Structure formats: C-alpha cells, structure tokens
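Please read the structure below before turning to the comments.
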Amino acid sequence: MNFLQRAALTGAGAALTGVALAQSAPVAAIKPKVFTDFGITRTDNYYWLNQPTNPEVLKYLTAENAYYDKQMAGTKTLQQKLVAEIKGRIKQEDATVAYRDNGYLYYSRFDFGGEYPIYCRKKGSSVEIEEVILNADELGAGRPYYQIGDWAVSDNNQLLAYTADTVSRRLYTLRFKNLVTGMLYPERIANTGGEVVWAADNKTVFYTKKDVNTLLPYQVYRHTLGTDPKGDVLIHEERDNTFNVGVTRSKSKKFIGIVLTSSLSSEYRYLDAATPTGQFKTFLRREKDHLYTVEHLDDKFYVRSNWQAPNYRLMVTPVANTAKATWRDAITRHPEIFLDNFELFRDYLVLNERKGGLRQLRVVSLKDKQEHYLPFDEPAYTATVGINAEMDTPLLRYNYTSLTTPASTFEYDMSTRTSTLLKEQPVQGGFNKRDYVTERIFVKSRDNVFIPMSIVYKKGTKLDGTAPLLQYAYGSYGFSQDPTFSAARLSLLNRGFIYALCNIRGGQEMGRQWFENGRMLNKINSFNDFIDCSLYLTTKRDAKVATDKTKQQYTSTDKLFAMGGSAGGLLMGAVMNMRPDLYKGVIAAVPFVDVVTTMSDPSIPLTTSEYDQWGNPADEEYFNYMLSYSPYDNVTAQAYPNVLVTTGLHDSQVQYYEPAKWVAKLRALKTDKNQLLLHTDMSAGHGGASGRFKSINDTARQYAFMLQLLGKNL
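Residues in the sequence shown are numbered from 37 upward in steps of one, following the working numbering.
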C-alpha cells in the first residue's frame, strides 16, 4: 500500500474535507457508494464528486489545479514560449474566402488581436461596401466563454437569426437582428439546440429545444418574428430518447426539414418553405438499421442511404412519391467505396467518397453521367466539399489539407476540369511545407487487419528510435479522423517530435464495417488497434531503402506519448490499463472513463442516444462487456505512465466528475512515482476555451507536459 492509499484510508475526508495538504498531491475523500447489478457489486469511492455546486467538490478541483500549477511551475517559461510561437504563426488580420448566396458575398474575418470572428457580407461583388452582420468579437468581449452556434439570413436578405452559447454547455440562446437598421429584436429564446432556419415568408423560423438535464435536442418549435416566444408552436416532440432532433433547409430552399437521428436509424420530415404553417410530411418512417439523408433538386429528392448498402449509395425518387418502392440508384454504385456525403448542383453531382481510408471527390455530370475524380498526389491528405450555397453554377468549392499543407480553399470548374487555388491559410514565421515529410502506412493488427496510420516529421529527424513521438486516435461513433494540418503542431515537429494519426476501428475511415467492428461488443478492437500501432512504432524493422542495412524505428517506449479526447480519452484510459509499459506519458482530454455508471444513468446528458455505440448496461451481456474495459472500473495497483488529464467544469458531453473520479482512483492505487495531473478549466466545457488565442494555452499546457518529461524545457 502506497502513501496516498494510506492517507485515503486514514480519514482524509474527515480531517481535510476531501483535500490533502497543499504541498502534496490532493487526496479525495472516500465516501463509498455501492452498486449491485446482475449479482456483481461495484464500490465507487468517489461518486460524491458528482455535485458541481458542493463547496467540497469545488475545493477539491481547486486543489488539483493548484497541485498542477505547482508540478508544472518549472515549465512556465516554456509554456509562455510555446504560446508565443503558436500565436506568432497566426495571421492576426485574416479573412475567409467569400462565397456567394442570394446576391451577396459572405465571409468572416478577424481583427488584429480579435478572439472571435466578425461575420460580414458585400452585395453583388467584392468591391462593394462591407456590411457587418454579426460581430462575435464584440459580443464575446469580457466573457469567459462565447460561441456562435448557427446563423441564417432571411430570403429577403434583411433579417438575421443567430444562436450563441455563453457557458459552454451547448445550450444556445436564439436572437434576431434587423440587418437594415441594425436593431436587435427583444425576443430571446433560451436552451435551443443551436440550429435555426427561416421559412420563405421572412418572418417565420424553426428551431430546436433541448432538455436542460439530458441536453438532448428533442423538440421543434415554430416562431414568428416580433411575437412572444411563449406563444411559439410546438411542431414535433421526440419521445424516443435515443434520437436527436435537428432542423434544416434544403439547398434549393424549397423545403424545411426536420431530421430525426439515432446512431443506426433516421427519419426525415419536410414542409414547403413557402407554407410554414402547413403540416410536415414524412419522407420515410424510421426503420431499424436504416440511415438516410435527403437533398432536393427540381422534381426529385436525392437520398444517401445504407439500405442494402453498408457503405451507402445514392438514390433518387420523385418529390410526388417518396415511398421506398420508387427509389432508384442515381449513379453507378461501387459497394467497396464508402459514400461520405454529396453535393447537388443544377448540372452536376459531387460525391465525397472514401477509398483506402482517404477522401476523394468524384464529379458526375447529370446530363450525360460522365464522371471523373479530382487528382491529389500526397500520400495522406483530406479533401472535402466546401461551402457551395448556390446550385446554378459549374464551380465547386472544395477544401484541401494534409499533415504538411495548410488548410486551402480551391475553386474547381467542373465543365473545364480546371482547379484554382483561392487561398492557402498563411502560416507566419518562415514555415515551408517542404521542410516536413509525411508518410502513410498500414499496420497489421493482431487479428490480421491493416490499420491506416498517417505520420509527419521534420526532415532530418532520425528514425532510429531516439525521436519522441505523439500518437493520436479517436475511434468511436463512426467519426473519421483525417490527416489535417496544424500550425501549433509545428512546435513539436520542430523540436524533433514525430506525430502519428492512427485510424483505429470505431471510426469510419475504412468504411461502415470499420465502425461496426469497433463498437458495442467489438469495442476491444479499438484498444487493441491502438496498442498494435504503438508496438509497430516502437519496433525495429528493416529500413525502407534497400541499400540501407540499418534498422528503422520511429520511437521507443521511453519517448512514446499517447493522446486522445472525449471517447478518445476512454481509449487512453483503456490502453493505460492494458499496456501501461508502452508509454512515457498519456494526455487524456475530457475523457469518458466511467462507462458503466454513466451509461446506467439515463438522466446524464447524451446517455440514451449512445446505447447503439456502447450498449445498454441494463442488458447483462452489455453490462459485463462494458465492465471488462471501463477505464475507471479497471484501475488496478500497478505502475502507470505519466498522465495529464484535462476537463471543464461545464462540460456537456463528458461531465467533469468522470475525469476527476478517475484521477482520484488512479492516485490511490498506482504504484509508481510518475506525474498524475488534473487540470479543470472552471469556465469552459467540452471544447475547452473559446476564442482563437485563449485555446492556445490548452495546447501549450499539453506540449509542455510532454517536453518537460523529456527534459526539454526549451
């Protein structure tokens, strides 16, 4: 039994009200709460931390922050240097590429030193006078947190609806502004889901409301501008708490849509935008294991559907009859290629597909069905459809980035097949993409599956096992992690780090089956994949150059760092329990680590909507499986790596007490003398600090944690 265990067992709670002496690591009081399910008894000594207004809880979190500050005091200068470096790469006065919509050019820009964007437009052309439609920098000034959720301009271009979150709980307040007079309307509609759409009458909007406890968007309301929100009309209330509710408007602007979605099923309802008081029609009632999305063009609906197509296919059906019997394939289907999404134009169709784990863009002529792919030549990259608000154009906006190429906006003429670079995000400070190397490899897993991994490092970095390496992954919900550029990451690469992005199972990079094989009763594959990638990165092998007889090794276990956030934090907790010997350090950001207890409580935000991801622990089979890997439940008396855990007091996705409890239990049981640090942002939530500069402090904190462990406080 170590010192911290003895302290916890000898009355730390009574003498210190949950917090040990300031000069030592905080020790949370033990207040056992017993759970019994299916004959299995679990004792949670730190369940009491689930009381955000309890002074004892706040005192404990404050003590952990003070302990973090003390342990990291030697990195203060390093953190300041990192912040200056990262901030110095950002172009202070910057603007997005404008896009055209309904006679205006829309863009956002930053003022020098500004934290938040200023949303602007110009009528007709770029030489016209700028109109500021929404100044988030002014609205967010002096606030600990500020985030615009959504904004939409009415069809007559005179009215703005926008939503904002000032707490970081993702509960948005809806406001309205007259763009002619600049006047704000008096109505404030709180606790919305953040989405808002206008009807064609320039006075009616549709929005979603959230349950303030579960944070699920579950209602759709209709509001008439200038009226008391208390009189808003409830259009739909979702009774199935595994579904989320959203509102949208078709690109054609012909229809208002209500989108009802769970992990494995969806339903779309639509209404003519010109008759906002009419009745919504159901496109196709929800069916088990059927996900679909809908877009409109002329007299047809286009449907992306996984009906009899695990990797999805694109179908078309008449507006007059949307029964499934009328659905037909819109294009040639390639079952082995995953259809991520699509974009409709008057004469063209653009498909964003995945092949071999990488995104690609396929252009199809709707006139003659001729098709072609846009060429990309880097081994690891990300290409996505950009903002294309108008349909009557042959010009496609698309975005491109890679581990070495900053975010870039291109305009592609689909008729002439020519591409024009409109903007590559500037990186200040002498950055040259040719100074860096990117690779893409496939790692063979223990069950003979090949896991994609994208790697980047600075030229000259030795691949002999002496370089430190940061390994990152997510692997849940079918959310794909694509190789993208990070100006902040240069601070690691320039100090000799290698960065590796692992596309483990649970994401959707390799198609729908990749997701299926990393969820529910297959979740262990995500953890094994990450560990197998770690083993690959730390193993010597023949060098790639045939004439080079040396052995290649990316890193070693005393220089390997792992990082993941949210469900990726669960990944960190699991691999720490399974193979703690592989990692010098682990960074777990807002980690979801108390799987069984959280998924057993439907009142906790987002629990019920995630049964299809993790399972419902009310079922004994899923209970036992979750219990077998839940990081919090599987902490044992063993040596763990150095660990930095971050959370936000107002986190709406993973409640702060999960990482707090996890750290308390780790501290009580671990047998090593490695660092274990918890940092709680007392004014932020799941996404950390808001603003383009304030969030840099979070990054500097993480980087400094790794660098000081390597003895590099430079």
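We put the CB at the ideal spot given by N, CA and C, even for glycine.
Please read these numbers as outputs of a predicted model, since none were measured by experiment.
So what does DSSP say about residue 265, is it helix, strand or coil?
In this structure, residue 265 counts as helix in the three-state DSSP scheme.
If residue 301 and residue 324 are in contact, beta carbons under 8 Å, what's the gap, nearest whole angstrom?
Yes, residue 301 and residue 324 are in contact; Cβ-Cβ is about 6 Å, under 8 Å.
Using the rule of at least 16 other Cβ atoms within 10 Å of the residue's Cβ for burial, across every protein chain shown, is residue 678 buried or exposed?
It is buried - the Cβ of residue 678 has at least 16 other Cβ atoms within 10 Å.
Alpha carbon to alpha carbon, how far is residue 252 from residue 661? Give it in angstroms, no decimals.
When rounded, the distance between both Cα atoms is 26 Å.
With a threshold of 7 Å on Cβ separation, who are the neighbours of residue 534 within its own chain once the five nearest residues in sequence on each side are excluded?
Hits under 7 Å: 491, 493, 497, 503, 505, 590, 591.
What's the gap between the Cα of residue 369 and the Cα of residue 176?
If I take the Cα positions, the gap works out to 47 Å.
Going by alpha carbons, who is nearest to residue 738 out of 171, 719, 715?
Of 171, 719, 715, the residue nearest in Cα terms is 715.
Can you check whether the CB of residue 608 is closer than 7 Å to the CB of residue 626?
Against a cut-off of 7 Å, the Cβ pair of residue 608 and residue 626 comes out as no contact.
Is it a yes or a no for the stretch 656-672 touching the stretch 626-642, going by three-plus beta-carbon pairs under 8 Å?
Taking 8 Å as the limit for Cβ pairs, the verdict is that the stretch 626-642 does touch the stretch 656-672.
Could you give the first and the last residue of the continuous alpha helix (DSSP H) run that contains residue 635?
First-last of the alpha helix (DSSP H) with residue 635: 631-635.
Please work out which residues of its chain come closer than 7 Å, Cβ to Cβ, to residue 275, disregarding the five sequence neighbours upstream and downstream, and give them in chain order.
So no residue of the chain qualifies.
For residue 396, tell me which candidate among 383, 680, 683, 378 has the shortest Cα-Cα distance.
Measuring from the Cα of residue 396, the nearest candidate turns out to be 378.
From the DSSP output, read off the bridge partner residues of residue 12.
Any question about residue 12 goes unanswered here, given that the chain covers just 37 to 750.
Please return the same chain residues whose Cβ sits closer than 6 Å to the Cβ of residue 339, not counting the five positions on each side in sequence.
Within the same chain, residue 339 has close Cβ partners 328, 330, 351.
If you draw a straight line from the C-alpha of residue 265 to the C-alpha of residue 225, how long is it?
Their Cα atoms are separated by approximately 7 Å.
Do residue 507 and residue 598 count as a contact pair if the criterion is CB distance below 7 Å?
In contact: residue 598 and residue 507 (Cβ atoms closer than 7 Å).
Mind checking which residues open and close the alpha helix (DSSP H) that includes residue 121?
Looking at the DSSP string, the run of the alpha helix (DSSP H) that includes residue 121 is 112-124.
As an exercise, report each continuous beta strand (DSSP E) stretch of at least 3 residues that is fully enclosed by the stretch 523-560, in chain order.
With a minimum length of 3 residues, the continuous beta strand (DSSP E) runs that stay inside the stretch 523-560 are 534-538.
In whole angstroms, what is the alpha-carbon distance linking residue 99 and residue 123?
Taking the straight line joining both Cα atoms gives about 30 Å.
Applying the criterion that 16 or more other CB atoms from any shown protein chain within 10 Å of the CB defines a buried residue, is residue 219 buried or exposed?
Counting Cβ neighbours within 10 Å, residue 219 comes out exposed, since fewer than 16 surround it.
In whole angstroms, what separates the C-alpha of residue 85 from that of residue 93?
Cα-Cα distance, rounded: 6 Å.
For residue 536, does the count of other Cβ atoms within 10 angstroms reach 16, so buried, or fall short, so exposed?
When all chains shown are included, residue 536 counts as buried.
Counting only runs of 3+ residues fully inside the stretch 276-360, write out the beta strand (DSSP E) ranges in chain order.
Complete beta strand (DSSP E) runs here, min 3: 280-285, 291-297, 302-308, 317-320, 328-333, 336-341, 349-354.
Within its chain, find whatever has a CB closer than 6 Å to the CB of residue 577; leave out the 5 residues flanking it on each side and keep chain order.
Counting only Cβ-Cβ distances below 6 Å, and skipping sequence neighbours, we find 588.
So, does the stretch 450-470 touch the stretch 547-557, judging by three or more C-beta pairs under 8 Å?
No, the stretch 450-470 is not in contact with the stretch 547-557.
Can you tell me the Cα-Cα spacing of residue 383 and residue 425, whole angstroms?
Each residue's alpha carbon lies about 15 Å from the other.
Less than 8 Å between C-beta atoms, sequence neighbours within five positions excluded: which residues of the same chain meet that for residue 173?
Excluding sequence neighbours, residue 173 sits near 146, 147, 150, 151, 152, 153, 154.
Is it the case that the Cβ atoms of residue 238 and residue 193 are separated by a distance below 7 Å?
Their beta carbons are not under 7 Å apart, which means residue 238 does not touch residue 193 by this criterion.
Excluding the five sequence neighbours on either side, which residues of its own chain have a C-beta within less than 7 Å of the C-beta of residue 745, listed in chain order?
Answer for residue 745: 620, 621, 678, listed in chain order.
Helix, strand or coil for residue 79, going by three-state DSSP, please let me know.
Three-state DSSP puts residue 79 in a strand.
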